[in-house]
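Engineer: For reference, the structure I am asking about is given below.
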Amino acid sequence: MKRREVFSSLTLGIVGAVSLPSWANNWTAKNLKPDSLELNTSEEDLLEAICEAIIPETDTPGSRTLQIPKFVKLMVTDMHKVADQDKFKKGLAKVNELSISLFGKSFEGSNTQQKLHLLQGFGMSSDENLRFFMDATKRYAVRAYTTSEYYQVNIEKFEFAPARYHGCVPLNQ
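Numbering (the working numbering) for the sequence shown: 940 to 1112.
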C-alpha cells in the first residue's frame, strides 16, 4: 500500500470519528421538528376510529395493531404544507358533525355499516376539506398497511435476503 493512500485513509477516518459525536448529539427528540398538526386526544381517537374502519382488525392485524393512525398523522405533518394540514383538520372535524346529523351519534359510536356509508360519502363530498381529508387518510392508511412488516412478511412473502446459497447440490443433465 502506498504511503499517501494510508495517510489519506487515516485522515478521513479521524475526521469522521471526531465529527460523528457532534452529529449524534443533534439526533434527539428535542431537536426534531415540532408537530404542526397538533391533534387533541378526541381528534386522535377519531382518526384512529376512521383508520380502523378502513383497515379493520380481523384474523389479520388492523390499523390499531399496526399503528396506522400514527403513520397517517406523521405523513400529513411531514409531507403537507400548513394550508393542507388545516384542510385535514377541518375535514376531520366535519366527520363527527356529519355522523351526528345523519345517524344521531358520533362516528366512533356508529356501527360498521354506518361507518362504511359515511366513508364512501366523504370521498364524493362537495366539501373540499372533507374530500382532501378522506383522500389523504385512505392513501396513507393503505400505504402504512402495505409497507408494514406484517404485510410484507406474511402476505407478500418478502425475504430480506433472498436466494439462499445451497453449496452441495447435484447438477441435473
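Idealized CB from N, CA, C, for every residue including glycine.
Here the structure is a predicted model, which means the values were calculated and not measured.
For residue 1020, which of helix, strand or coil comes out of DSSP?
Structural biologist: Note: residue 1020 maps to coil in three-state DSSP.
Engineer: Here's the rule I'm using: 16 or more other beta-carbon atoms within 10 Å means buried, otherwise exposed. How should residue 1107 be labelled?
Structural biologist: Answer is exposed; the Cβ neighbour count stays below 16.
Engineer: Is the number of C-beta pairs between the segment 1044-1058 and the segment 1015-1029 that are closer than 8 Å three or more?
Structural biologist: With the cut-off at 8 Å, the segment 1044-1058 and the segment 1015-1029 do not touch.
Engineer: Distance, Cα to Cα, residue 1010 vs residue 954?
Structural biologist: Cα to Cα, the separation comes out at about 37 Å.
Engineer: Take residue 993 as the anchor and find which of 1080, 1109, 1093, 1094 has the nearest alpha-carbon.
Structural biologist: Answer by Cα proximity: 1080.
Engineer: Measure how close the beta-carbons of residue 1071 and residue 1012 come, nearest whole angstrom, since I'm counting them as under 8 Å.
Structural biologist: Not quite, the Cβ-Cβ distance comes to about 15 Å (not below 8 Å), so this is no contact.
Engineer: Kindly indicate which residue of 957, 1014, 996, 979 has the alpha-carbon position closest to the one of residue 1074.
Structural biologist: The candidate whose alpha carbon is nearest that of residue 1074 is 1014.
Engineer: So which of 1089, 1099, 981 has the shortest CA-CA distance to residue 1046?
Structural biologist: Ranking 1089, 1099, 981 by Cα distance to residue 1046 puts 981 first.
Engineer: Are residue 983 and residue 1008 close, meaning C-beta to C-beta below 8 Å?
Structural biologist: Cβ distance < 8 Å, so residue 983 and residue 1008 count as in contact.
Engineer: With DSSP run on the structure shown, which of helix, strand or coil describes residue 1008?
Structural biologist: The answer is helix: DSSP assigns residue 1008 an H, G or I state.
Engineer: Measuring straight from C-alpha to C-alpha, what distance separates residue 920 and residue 1090?
Structural biologist: Past the boundaries of the shown model lies residue 920; the chain is included only from 940 to 1112, so the question cannot be answered.
Engineer: Three-state secondary structure (DSSP) at residue 1108?
Structural biologist: Reduced to three states, the DSSP call for residue 1108 is coil.
Engineer: Just verifying my parser: in three-state terms, what is the DSSP assignment at residue 999?
Structural biologist: Three-state DSSP puts residue 999 in coil, outside helix and strand.
Engineer: Excluding the 5 residues flanking residue 1104 on each side, which residues of the same chain have their C-beta closer than 7 Å to its C-beta?
Structural biologist: Taken in chain order, the list of residues that qualify is empty.
Engineer: Nearest-angstrom Cα distance between residue 1040 and residue 1097?
Structural biologist: Whole-angstrom Cα-Cα distance: 45 Å.
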